[in-house]
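Enquirer: Sharing a structure below in structure tokens format, with a few things to ask.
There are 2 protein chains.
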Amino acid sequence: MGREAVLDVLSRTEDHLSAEDIYMCVHETYPAIGLTSVYRTLDMLVNIGLVYKFDFGDGRARFELAEGPKGKDHHHHLVCTDCGRIVNYRDFIDEEVALLKKTEEGLSKKYNFAITNHLIQFYGLCEACRKK
Amino acid sequence: MGREAVLDVLSRTEDHLSAEDIYMCVHETYPAIGLTSVYRTLDMLVNIGLVYKFDFGDGRARFELAEGPKGKDHHHHLVCTDCGRIVNYRDFIDEEVALLKKTEEGLSKKYNFAITNHLIQFYGLCEACRKK
DNA sequence: TTTGTTATTGGAAACCATTATCATTTACAA
DNA sequence: TTGTAAATGATAATGGTTTCCAATAACAAA
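Residue numbers (our numbering), protein chains in the order written: chain A, 59 to 190; chain B, 59 to 190.
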């Protein structure tokens with residue numbers, strides 16, 4: 059039942075919300091829905107493939123809508139290791155995706171993996187943090 | 059002075075050990091060294107750049123020696139989302155690294171990031187887990 | 001409508017990798 | 001020898017996530 063609520067929150071933002079972020083947003087509209095249910099719902103949505111779960115190294119999972127009809131465009135992430143800011147970039151995606159696809163095929167064949175997913179992230183210091 | 063002990067453990071394996079794995083190995087040779095020191099040492103080695111820290115989504119950090127004189131060859135990872143098995147692959151690395159470098163330059167310029175690092179991982183089901 | 005059975009829910013407790021605290025030991029300089 | 005600072009590790013605390021479980025909702029059968 060919280061399913062629509064969670065998807066709704068995720069569809070309204072470009073940010074990468076944590077479970078608790080999502081809980082707080084959902085809670086404004088549906089105060090009855092608890093944190094446990096948010097975790098449960100997110101888990102289910104990730105399993106279904108409607109939502110992606112990321113780890114950017116700050117100790118909590120982050121979620122975003124998978125691309126698709128209602129979803130965002132495909133993108134990868136640029137993460138500031140100091141302040142945690144995350145940039146969605148789409149500029150080099152086509153080339154990356156082409157290579158990833160090729161690599162996936164090669165890896166599938168060689169290691170007998172059924173590859174379902176990949177992850178590309180860049181880490182560094184954002185402009186603000188470089189100046190500190 | 060667990061530094062050598064930790065590096066030694068990491069240099070003897072192709073596995074991706076957790077902090078506790080490393081602690082247990084170190085403990086056999088140096089029973090005096092505690093878990094806290096292992097965490098501290100790992101943190102320092104990661105900061106220095108001698109060791110890489112990874113997250114494969116199972117809730118604990120994994121460590122491996124950075125490539126270099128004493129280190130392993132550069133590789134990326136293929137992770138089984140069911141059993142957690144991790145394969146180091148080196149087959150497509152050259153192409154990947156070339157593209158990553160190019161992408162890094164583009165991203166640095168466009169978003170004013172000082173990029174220090176990148177991450178490529180593939181997720182899927184290994185042969186054994188596909189048959190379950 | 002009642003009754004019984006099952007699935008869903010959320011609050012609180014448990015879990016567990018990691019981090020912080022702090023008393024103790026070690027290193028080393030004066 | 002003595003005093004000060006750094007290093008160490010056992011223990012406690014932290015905090016995101018999971019588990020437990022009693023309460024509620026949903027729904028089927030009578």
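Glycine is no exception: its CB is placed at the ideal position from the N, C-alpha and C atoms.
#1: Are the C-beta atoms of F180 of chain B and some chain A residue less than 9 angstroms apart?
#2: Can you pull the DSSP bridge partners for E122 of chain B?
#3: With a threshold of 7 angstroms on Cβ separation, who are the neighbours of A124 of chain A within its own chain once the five nearest residues in sequence on each side are excluded?
#4: Against chain A, which members of the segment 165–190 of chain B pass a CB distance test of less than 8 angstroms?
#5: Does the contact criterion of 3 or more C-beta pairs under 8 angstroms hold for the segment 154–171 of chain A versus the segment 146–162 of chain B?
#6: Give me the Cα-Cα distance between E78 of chain A and R118 of chain B, rounded to the nearest whole angstrom.
#7: In angstroms with no decimal places, state the Cα-to-Cα distance between K130 of chain A and N146 of chain B.
#8: Would C141 of chain B be called buried (16 or more neighbouring beta carbons within 10 Å of its own) or exposed?
#9: Pick out whichever of B:H176, B:D73 and B:H134 has its Cα sitting closest to the Cα of D149 of chain B.
#10: Going by C-alpha to C-alpha distance, which of A:Y169, A:I80 and A:R188 sits closest to E62 of chain A?
#11: Which residues in chain B sit within 8 angstroms of L136 of chain A, going by Cβ to Cβ distance?
#12: Report the rounded CA-to-CA distance for F114 of chain A versus K190 of chain A, giving the unit in angstroms.
#13: At the level of alpha carbons, what is the spacing between C187 of chain B and I173 of chain A?
#14: Does any residue of chain A have a CB that is nearer than 9 angstroms to the CB of F121 of chain B?
#15: Kindly list the residues whose CB is nearer than 8 angstroms to the CB of M102 of chain B, restricted to its own chain and excluding five residues on each side of it in sequence; keep chain order.
Expert: Judging by the given coordinates:
#1: Cβ-Cβ to chain A under 9 angstroms: yes for F180 of chain B.
#2: Looking at the DSSP output, E122 of chain B bridges to B:Y110.
#3: Around A124 of chain A: G107, L108, V109 and Y110.
#4: Hits within the stretch, in order: L165, S166, K168, Y169, N170, F171, A172, I173, T174, N175, H176, L177, I178, Q179, F180, Y181, G182, L183, C184, E185 and R188.
#5: These segments touch.
#6: Looking at the backbone, the Cα of E78 of chain A and that of R118 of chain B are separated by about 20 angstroms.
#7: Distance between the alpha carbons of K130 of chain A and N146 of chain B is about 31 angstroms.
#8: With fewer than 16 other Cβ atoms from the protein chains shown falling within 10 Å of its own Cβ, C141 of chain B counts as exposed.
#9: Of the candidates B:H176, B:D73 and B:H134, B:H134 places its Cα closest to the Cα of D149 of chain B.
#10: Looking only at A:Y169, A:I80 and A:R188, the smallest Cα-Cα distance to E62 of chain A is reached by A:I80.
#11: Under a criterion of Cβ atoms nearer than 8 angstroms, the residues of chain B adjacent to L136 of chain A are, in order, L165, Y169, F171 and I173.
#12: So the two alpha carbons sit approximately 21 angstroms from each other.
#13: Take the alpha-carbon of C187 of chain B and the one of I173 of chain A: they are about 12 angstroms apart.
#14: With 9 angstroms as the cut-off, F121 of chain B does not count as an interface residue toward chain A.
#15: Listed in chain order, the non-local C-beta contacts of M102 of chain B below 8 angstroms within the same chain comprise R61, local neighbours out to five positions each way being set aside.
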